[in-house]
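Residue numbers for the sequence shown follow the working numbering, beginning at 784 and rising by one.
Have a look at the structure below before the remarks.
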Amino acid sequence: MIEVIRGDITQLRLDALVNAANESLLGGGGVDGAIHRAAGPELKAYNRRLGGCPTGEVRISPGFKLPARWIIHTVGPVWHGGDRGEPALLESCYRNSFALALEYQVRTIAFPGISTGVYAFPKDQAATIAVSVMRDYEDRFERIIACCFSEEDERIYLNLLRS
Ligand code: ADP
């Protein structure tokens, strides 16, 4: 079941939430900053030992002070116009997040709009990729949540899920 929720992903009580991280995994702006603030300083200390994460790949940490049990950190591609493999890399972020979630027996999971903030991936195209991978994994999870921060994002996801 794919759900659309509008709000702050850090407030969700789930088995896992996905973080749109950067390659350092040590925190940044946007959703990454919000997750690090809400999880507390232990997250940064833990991630230091992970030694970073290449674009398109995933790493996992505990949720620390978050209500979510796990944080799956993935690094989305920076949008450079679309001819540098950005769509395939974004798809890898979603697929690799689901694969790692399954290894950790995650049944409920939420995603932000990976790469659609500072990394400037076009929102419609990003949501189309997200929803198509979510549909592939729908049967293996109890809840898959597209966590939208803006009304525009919510509208994009609701339209895609209706079609
Ligand atoms: P990126 O660097 O991958 O583009 P950003 O954090 O800049 O990541 O943005 C990714 C998406 O997360 C954007 O759609 C942004 O509006 C959204 N976002 C920012 N803060 C939160 C939050 N607390 N909860 C859910 N989504 C958020």
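Where is the CB? At the ideal position from N, CA and C, for every residue including glycine.
All values derive from a computational prediction rather than experimental measurement.
Closer than 8 angstroms to some heavy atom of the ligand ADP: that does not describe the Cβ of Phe847. CA-to-CA, the gap between Gly813 and Gly900 works out to about 7 angstroms. For Val889 and Ala929, the gap between their C-alpha atoms comes out near 16 angstroms. The beta carbon of Tyr877 sits no closer than 8 angstroms to any heavy atom of the ligand ADP. Contact annotation: Ala828 and Asp815 have beta-carbon atoms that are not nearer than 9 angstroms. According to the DSSP assignment, Glu925 belongs to no beta strand (DSSP E), since it is labelled neither H nor E.
In this structure, Glu921 lies away from Ile788, with their beta-carbon atoms at least 9 angstroms apart. Residue ranges of uninterrupted beta strand (DSSP E) with 3 or more members, entirely inside the stretch 846-875 and ordered along the chain, are 853-858. For Thr911, the uninterrupted alpha helix (DSSP H) run begins and ends at 906-920, by DSSP. Taking the Cα of Val914 as reference, the smallest distance to any Cα among Gly834, Leu797, Asp936 is reached at Asp936. In this structure, the C-beta of Val901 approaches the ligand ADP to less than 8 angstroms from one of its heavy atoms.
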